[in-house]
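Below you'll find the structure, written out as structure tokens, and then a few comments.
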Amino acid sequence: MIKTFLKILLIFVCMSFQLVFANPIRVNDITFDSSDSVIFIGTSNTINGEVQVKKGVLSNPDRIFLDIQNAVLTRKQGSFEIKNGKLSNVRISQFSNDPYVVRVVMTCTAKLHPQNVKVLSLGGNIIVKLENYKPTQDYLTPVYREEKTSAYDYFEKVRVSEEIFQPSMTQIVLMPAMPPSVKTPMTSQLQPAVPQNEPVRINQPLKESKLLSRFFVSNAYTKQNALLVAGTGIVNLEKVFYLSNPTRVVFDIPNSVSAAAVRNKTFALSPTETAKIGQFSATKTRIVITSPEAKKYQAIYSNDLQNILIARSDKLQGVKLYSNTSKVLTVTNKSTKEYKNNVNKLTFDFSEPIVHSIKRTDNALEFKLYNATTNSLNMIAEKVKSNGLTNATVKQNGTTGIEITIPIQESSTIDCLENLNATRLVLTVKNPVTQTQQQQTTQKHVDKKVVVIDPGHGGSDPGATRANDQEKKLTIDIAHRVVKKLKDHGAVVYITRDDDTFVSLADRVDFSNNKNPDLFVSIHINACEQESVHGVETHYYKDDSLDLAKYVHKSIMASSTQPNRGVFKSRFYVIRHTTAPAILLELGFISNEAEREMLKDAHYQEKVAESITEGIINYLNNTGKK
11 MIKTFLKILL
21 IFVCMSFQLV
31 FANPIRVNDI
41 TFDSSDSVIF
51 IGTSNTINGE
61 VQVKKGVLSN
71 PDRIFLDIQN
81 AVLTRKQGSF
91 EIKNGKLSNV
101 RISQFSNDPY
111 VVRVVMTCTA
121 KLHPQNVKVL
131 SLGGNIIVKL
141 ENYKPTQDYL
151 TPVYREEKTS
161 AYDYFEKVRV
171 SEEIFQPSMT
181 QIVLMPAMPP
191 SVKTPMTSQL
201 QPAVPQNEPV
211 RINQPLKESK
221 LLSRFFVSNA
231 YTKQNALLVA
241 GTGIVNLEKV
251 FYLSNPTRVV
261 FDIPNSVSAA
271 AVRNKTFALS
281 PTETAKIGQF
291 SATKTRIVIT
301 SPEAKKYQAI
311 YSNDLQNILI
321 ARSDKLQGVK
331 LYSNTSKVLT
341 VTNKSTKEYK
351 NNVNKLTFDF
361 SEPIVHSIKR
371 TDNALEFKLY
381 NATTNSLNMI
391 AEKVKSNGLT
401 NATVKQNGTT
411 GIEITIPIQE
421 SSTIDCLENL
431 NATRLVLTVK
441 NPVTQTQQQQ
451 TTQKHVDKKV
461 VVIDPGHGGS
471 DPGATRANDQ
481 EKKLTIDIAH
491 RVVKKLKDHG
501 AVVYITRDDD
511 TFVSLADRVD
521 FSNNKNPDLF
531 VSIHINACEQ
541 ESVHGVETHY
551 YKDDSLDLAK
561 YVHKSIMASS
571 TQPNRGVFKS
581 RFYVIRHTTA
591 PAILLELGFI
601 SNEAEREMLK
611 DAHYQEKVAE
621 SITEGIINYL
631 NNTGKK
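Last residue of the sequence shown: number 636 in the numbering used here, and the count goes up by one each step with no gaps.
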């Protein structure tokens with residue numbers, strides 16, 4: 011009887027084992043967060059159990075590899091060059107068919123021990139986290155943003171390159187090998203795996219930067235007449251706005267995805283108030299509170315940025331998202347003048363993670379620190395009220411902690427950043443300068459400055475063309491507008507071609523160098539065989555041109571809805587050979603129909619010319635030659 015039972019048990023175990031490995035994990039995507047410290051490996055499966063991964067190292071160069079067991083790659087293999095992070099390259103391939111193994115190879119910018127690479131599963135994602143690459147104290151992430159969000163904040167800098175995979179035979183396995191799996195036939199929907207050790211050349215076009223969700227809304231429930239929204243990642247909010255008939259307040263979480271169980275769900279906050287969560291777009295979660303007292307609602311961030319509490323200000327007593335008390339250690343208030351703005355950057359350092367809320371009206375910003383104490387309220391008030399914020403108020407509230415109110419203009423913008431352990435908050439307030447201040451600033455930093463504007467192509471060289479549209483026509487139209495705006499600000503401006511004539515690259519350089527300008531800006535329009543590719547790029551070559559590139563690029567992206575393709579060090583002739591700080595702008599793709607039509611629009615040309623001008627003025631104001 012016992013023998014029979016053992017046989018049955020053995021058969022059951024074997025069948026269970028076979029079932030576990032009968033359906034391989036189907037890997038269909040790979041993405042990266044903006045800090046490049048987390049890799050998301052997407053699957054078409056719902057992963058309920060533990061993901062079996064072998065970890066090891068490869069040499070020449072030093073790399074970390076992850077072998078995902080019982081996994082089949084259903085996307086194209088790829089090599090990803092990371093442009094702005096701690097990872098310099100990530101490769102993914104089908105390493106083996108017997109057993110099924112998907113290999114991820116990471117080339118890092120510094121030594122990384124495999125023990126510090128953590129792997130976990132969440133829903134349909136395998137998440138790889140580089141533990142020793144935790145952001146430093148100074149690494150900040152947005153938690154509240156009113157300014158137009160630049161794609162630069164959320165788009166990964168990833169390009170698919172042509173690479174040859176050559177699996178190394180040198181492997182150091184740090185996890186015990188799995189028991190032999192039961193091989194199952196590939197299903198028809200799976201791509202054939204790559205035979206082991208067979209080199210594969212990847213030949214696919216440039217991959218567009220991919221928008222990645224940084225916050226996943228996993229749950230929501232009511233708590234003492236408030237809505238508590240919980241998730242994973244880093245939560246941040248855009249500027250709230252109000253709607254009427256009925257009266258509502260809207261909280262948008264950008265770059266977020268909500269779970270199906272939460273989506274389109276309505277919560278009763280009171281007999282007359284409701285909250286609803288929906289997926290407003292593929293990358294934005296929207297929370298709508300319907301209430302006669304909609305303007306009283308505000309959002310409170312938890313100290314781990316995993317939760318937000320949305321509640322009426324008069325209903326917050328006793329509602330806590332924290333258990334600690336945090337002391338305000340230091341406060342600094344740095345004041346600068348940027349073009350068209352007086353800027354105050356308030357930096358708060360705390361002893362423990364802080365819980366806070368930000369709310370604004372047309373004429374005031376209310377900044378509340380819910381679990382904060384201080385040895386000197388006067389010290390905080392003195393720092394906050396310096397550098398032009400003299401009408402600000404700071405008070406201690408037994409329920410709230412510390413409340414700071416800063417008068418602002420209706421057209422002011424607010425930006426709040428927080429480090430990941432919530433011990434530092436950086437609050438930026440931008441108040442537009444008065445007309446008199448603007449004239450004084452512009453006159454001081456732009457008057458008599460020499461600028462050379464270079465409209466690309468011309469004459470027999472049309473540049474990039476599509477349909478009946480030519481790059482040379484678009485560049486000179488925009489260039490003329492930039493020239494006029496700079497001259498209006500008192501600058502001395504030269505243009506390398508004033509009409510539809512051909513000017514060689516060497517002649518453009520000689521022309522500029524003879525003028526001995528403070529800076530040189532070349533204006534171009536991009537093109538690509540793939541019509542879907544679009545966005546703005548800024549190129550520089552010399553190190554002394556990087557600041558100019560950053561200022562102008564930032565200014566363009568602040569007023570543009572186009573994707574931010576980034577700032578690149580490039581070898582274009584005109585920016586290599588000019589003596590002044592020099593940049594080359596690619597203001598969009600003529601090959602993209604929507605972007606081409608936009609570039610032809612006079613209103614858009616005026617807007618982009620204004621943003622280029624603002625970037626130049628910001629550069630001259632802050633880092634340019636005086």
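Don't be surprised by glycine CBs; every beta carbon is placed ideally from N, CA and C.
These numbers were taken from a predicted model, which means no experiment stands behind them.
Problem set entry | Counted within 10 angstroms of its Cβ, other Cβ atoms place K579 as buried (16 or more) or exposed | exposed
Problem set entry | Alpha-carbon to alpha-carbon, V404 and I49 | 42 Å
For this session: Within the same chain, show all residues whose beta-carbon is closer than 6 Å to that of N6, passing over the 5 residues directly before and after it, in chain order.
Result: As displayed, the chain neither begins before 11 nor continues past 636, which places residue 6 out of reach and without an answer.
Exercise. What are the start and end residues of the beta strand (DSSP E) that includes A230?
Worked result: Here the beta strand (DSSP E) through A230 covers F225 to T232.
Exercise. Are the CB atoms of R415 and V353 nearer to each other than 8 Å?
Worked result: First, the amino acid is wrong: residue 415 is Thr here, not Arg. No, they are not a contact pair.
Exercise. Do V250 and V260 have their C-beta atoms closer together than 8 Å?
Worked result: yes
Exercise. In angstroms, rounded to a whole number, what distance separates the CA positions of N381 and G625?
Worked result: 40 Å
Exercise. Measuring CB to CB, does V460 end up less than 8 Å from V519?
Worked result: no
For this session: Please name the residue, chosen from S89, V492, E616 and P109, that lies closest to V100 on a Cα-to-Cα basis.
Result: With distances taken between Cα atoms, V100 lies closest to S89.
Problem set entry | Reduced DSSP secondary structure (H/G/I, E/B, other) of V192 | With a pLDDT of 30 at V192, under the threshold of 50, the predicted position of this residue should be treated as unreliable, though the coordinate-derived value follows. Looking at V192 - three-state DSSP - the assignment turns out to be coil, as it is neither helix nor strand.
Problem set entry | Start and end residues, beta strand (DSSP E) containing S621 | Premise fails: S621 lies in the alpha helix (DSSP H), A612 to N632, not in any beta strand (DSSP E).
Exercise. Which same chain residues, not among the five before or five after Q615, have their C-beta less than 7 Å away from its C-beta?
Worked result: D487, I488 and R491
Exercise. Can D324 and K306 be called in contact, C-beta distance under 8 Å?
Worked result: yes
Exercise. Cβ of V135 within 8 Å of Cβ of A240?
Worked result: The sequence shown places Asn at residue 135, not Val. No; because the gap between Cβ atoms is not below 8 Å, this pair is not in contact.
Problem set entry | Top-ranked residue by Cα proximity to K440, from I418, N429, T433 and E428 | I418
Exercise. Do you know how far the Cα of L238 is from the Cα of S312?
Worked result: 10 Å
Exercise. Distance, Cα to Cα, K64 vs V82?
Worked result: 15 Å
Exercise. From the DSSP output, which residues share a beta bridge with M567?
Worked result: In DSSP, M567 forms no bridge with anything.
For this session: To the nearest angstrom, report how far apart I505 and E392 are at their CA atoms.
Result: 50 Å
For this session: Note down the Cα distance separating Y252 from K369, rounded to an integer number of angstroms.
Result: Take the alpha-carbon of Y252 and the one of K369: they are about 13 Å apart.
Exercise. What is the DSSP secondary structure of V513, reduced to helix, strand or coil?
Worked result: If DSSP states are grouped into helix, strand and coil, V513 belongs with coil.
For this session: Could you check what DSSP says for K294 in three-state terms: helix, strand or coil?
Result: strand
Problem set entry | Beta-carbon contacts of S396 that lie in its chain and below 7 Å, excluding the five residues immediately before and after | N343
Exercise. Just curious, the beta strand (DSSP E) that A428 is in, first and last residue?
Worked result: In the sequence on display, residue 428 carries Glu and not Ala. From DSSP, the beta strand (DSSP E) with E428 extends over T423 to N429.
Exercise. Which stretch, first to last residue, makes up the alpha helix (DSSP H) that contains R491?
Worked result: E481 to D498
Problem set entry | Rounded C-alpha distance that separates M116 from E428 | 28 Å
For this session: Starting from L68, follow the beta strand (DSSP E) in both directions and report where the run begins and ends.
Result: V63 to L68
Exercise. Is E339 buried or exposed, if buried means 16 or more other CB atoms sit within 10 Å of its CB?
Worked result: It is worth fixing the name first, because residue 339 is Leu in this sequence and not Glu. Exposed, by the Cβ-count rule.
Exercise. Would you call the CB atoms of I299 and R258 closer than 8 Å?
Worked result: For the pair I299 and R258, the CB atoms are nearer than the 8 Å cut-off.
Problem set entry | Contact belief for S54 with R36 at Cβ below 8 Å, rounded distance in angstroms | 4 Å
Exercise. What separation, rounded to the nearest whole angstrom, lies between the Cα atoms of L279 and T335?
Worked result: 28 Å
For this session: Would you tell me roughly how many angstroms separate the C-alpha atoms of V341 and I364, rounded to the nearest one?
Result: 14 Å
Exercise. Within the chosen definition, does the region 564-583 reach the region 604-622 through at least 3 CB pairs nearer than 8 Å?
Worked result: yes
Exercise. Should N478 go down as buried or exposed, given a rule of 16 or more other Cβ atoms within 10 Å for buried?
Worked result: exposed
For this session: Could you round the C-beta distance between L435 and G411 to whole angstroms and report it? I think they count as a contact, below 8 Å.
Result: Contact flag wrong, Cβ pair sits at about 13 Å.
For this session: Give the single residue among K233, L529 and V127 whose Cα lies nearest to the Cα of N631.
Result: L529
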